[in-house]
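Residue numbers (my numbering): 7 to 373.
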Amino acid sequence: MTAASTLRQYAAVTGAYWAFTITDGALRMLVLLYFYTRGYSALEVASLFLLYEFFGIVTNLFGGWLGARIGLARALHLGMLLQVVALLMLTAPEAWLTVPYVMVSQALSGIAKDLSKTSAKSSVKLLVPDSDQAGLFKWIAVLTGSKNALKGLGYFLGSIMLAAFGLAGSVLLMAAAIFATLLVMLFLLPGQLGKSTYRPKFSHVFSKSAAINILSAARLFLFAARDTWFVIALPVYLQAELGWSFASVGGFLALWIIGYGLVQSLTPGLLKAREQGASRGLAELLAFALAVAMFGLAASLHTSIEAGTALMAGLAIFGVIFALNSSFHSYLVVSLARRDGVSLDVGFYYMANAAGRLLGTVLSGAL
7 MTAASTLRQY
17 AAVTGAYWAF
27 TITDGALRML
37 VLLYFYTRGY
47 SALEVASLFL
57 LYEFFGIVTN
67 LFGGWLGARI
77 GLARALHLGM
87 LLQVVALLML
97 TAPEAWLTVP
107 YVMVSQALSG
117 IAKDLSKTSA
127 KSSVKLLVPD
137 SDQAGLFKWI
147 AVLTGSKNAL
157 KGLGYFLGSI
167 MLAAFGLAGS
177 VLLMAAAIFA
187 TLLVMLFLLP
197 GQLGKSTYRP
207 KFSHVFSKSA
217 AINILSAARL
227 FLFAARDTWF
237 VIALPVYLQA
247 ELGWSFASVG
257 GFLALWIIGY
267 GLVQSLTPGL
277 LKAREQGASR
287 GLAELLAFAL
297 AVAMFGLAAS
307 LHTSIEAGTA
317 LMAGLAIFGV
327 IFALNSSFHS
337 YLVVSLARRD
347 GVSLDVGFYY
357 MANAAGRLLG
367 TVLSGAL
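So, in structure tokens, the structure goes:
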């Protein structure tokens, strides 16, 4: 594969992931704010996302296997098509938008998101030589960081679009944008990209690598710890307790996630130790720093410092350290994954990510 061809395919994968990510972030904020304003409790709002997170667990296991069998490009196309269907479901009359109906829509969106994420991140492994670990780290960091920055933009767009177009108009616009992107992607990515040279059995989705298993366990706790307070509890607290407007809540979360994504993109330059021998110690140091930051934020809320000020400062520090952890872990799992059937290892890892998010979402609504 020539350098120009590699760069073109990387740009295609990244572009598709960007388009998907903006709609995913916007959809999360649209659903959260729309149903909270209709009188749903925080726990009921959290329940809307339970199937989204649950099917993320299933999809990452099944999607990694599927990507190895049919190719990563086709799995990415399938994910985008499912997102179009999930969005169009929310254009139904308001009387249809019951909790079970929206949960099914969000389940489809969760399947779509994780098919797309597993396919996109696995593709990078195949586009970078094994000898170029610095290049792999950089490309993964750019893909991961830009995704989160654009998800933040999606949060902001979702809150603005809800006010401007309502729920049905907003999701219809997003469905049209994703479908247009899908049509372009059908011409840009070869269907055989990422297809395994063997026919993996479904039992192969469970990683036999100790390193992948340890990273997966770390990912579960990392995202459960974040989402316990970030997904539902924080935006509801900002609106209900501190009196922020919906636009302010959406704007703040957007800026936080954009900044978080920018730090992820800059991680290879900020973390100089890229050799495999340095990876374990660096991962441990980053995890310890994150725990210290979290304890500091919790402690500050029990002092005389005004709650809003403590949250803003604490979230800024936490966001930087969390971004470094997330980006470095994302690089490590792709680096350590087997090349033939890479999506199997990456899918297993992001299954743990989805399990952590599910646990965090339930706890966030309860809190």
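Where is the CB? At the ideal position from N, CA and C, for every residue including glycine.
Beta-carbon spacing of residue i, residue j below 7 Å
i           : j           : result
residue 268 : residue 155 : yes
residue 84  : residue 121 : yes
residue 190 : residue 367 : no
residue 101 : residue 57  : no
residue 38  : residue 217 : no
residue 178 : residue 104 : no
residue 4   : residue 260 : Only positions 7 to 373 of the chain appear in the structure, and residue 4 is not among them; the question remains open.
residue 320 : residue 303 : yes
residue 150 : residue 270 : yes
residue 265 : residue 157 : no
residue 165 : residue 45  : no
residue 339 : residue 221 : yes
Pairwise C-alpha distance: residue j and residue i
i           : j           : result
residue 153 : residue 272 : 13 Å
residue 53  : residue 66  : 21 Å
residue 81  : residue 253 : 35 Å
residue 395 : residue 350 : There is no way to answer for residue 395, as the model of the chain reaches only from 7 to 373.
residue 246 : residue 317 : 15 Å
residue 15  : residue 314 : 44 Å
residue 167 : residue 94  : 16 Å
residue 305 : residue 141 : 40 Å
residue 294 : residue 173 : 42 Å
residue 35  : residue 309 : 31 Å
residue 99  : residue 28  : 24 Å
residue 90  : residue 181 : 5 Å
residue 285 : residue 215 : 16 Å
residue 282 : residue 41  : Unreliable placement is indicated for residue 282, whose pLDDT of 46 sits below 50; the coordinate value is still reported in the next sentence. Roughly 47 Å separates the two Cα atoms.
residue 296 : residue 230 : 14 Å
residue 279 : residue 291 : Only weak support exists for where residue 279 lies, its pLDDT of 49 falling under 50; the value from the coordinates is given anyway. Those two C-alpha atoms are separated by around 12 Å.
residue 79  : residue 312 : 50 Å
residue 248 : residue 258 : 13 Å
residue 107 : residue 138 : 47 Å
residue 353 : residue 344 : 12 Å
residue 232 : residue 169 : 28 Å
residue 381 : residue 143 : Here the chain comprises residues numbered 7 to 373, so residue 381 is not present and cannot be evaluated.
residue 163 : residue 240 : 19 Å
residue 192 : residue 77  : 13 Å
residue 148 : residue 159 : 16 Å
residue 176 : residue 301 : 39 Å
residue 369 : residue 262 : 21 Å
residue 332 : residue 133 : 21 Å
residue 171 : residue 92  : 18 Å
residue 244 : residue 43  : 14 Å
heavy atom of the ligand GDP below 6 Å from residue i C-beta
i           : result
residue 255 : The model depicted lacks the ligand GDP and carries no ligand whatsoever.
Contact set for residue i: own chain, Cβ-Cβ below 7 Å, skip 5 residues either direction
i           : result
residue 277 : 288, 330, 334
residue 194 : 18
residue 225 : 335, 355, 358, 359, 362
residue 299 : 323, 324, 327
residue 223 : 358
residue 48  : 238, 242, 371
residue 307 : 313, 316
residue 187 : 22, 25, 86
Presumed contact (8 Å Cβ cut-off) between residue i and residue j, rounded CB distance
i           : j           : result
residue 110 : residue 371 : Not confirmed; about 19 Å, so no contact.
residue 26  : residue 146 : Contact flag wrong, Cβ pair sits at about 17 Å.
residue 250 : residue 373 : Between residue 373 and residue 250 the Cβ distance is about 18 Å, and since that is not below 8 Å, they are no contact.
Own chain residues within Cβ distance below 6 Å of residue i, not counting five before or after
i           : result
residue 126 : 19, 23
residue 119 : 30
residue 116 : 58, 61, 62
residue 68  : none
Residues near residue i in its chain [Cβ-Cβ closer than 8 Å; skip 5 each side]
i           : result
residue 364 : 56, 59, 60, 62, 63
Unbroken alpha helix (DSSP H) runs of length 4 or more, entirely within the region 304–355: which are they? 313–342
In chain order, which alpha helix (DSSP H) runs of at least 4 residues are fully inside the region 20–71? Complete alpha helix (DSSP H) runs here, min 4: 48–54.
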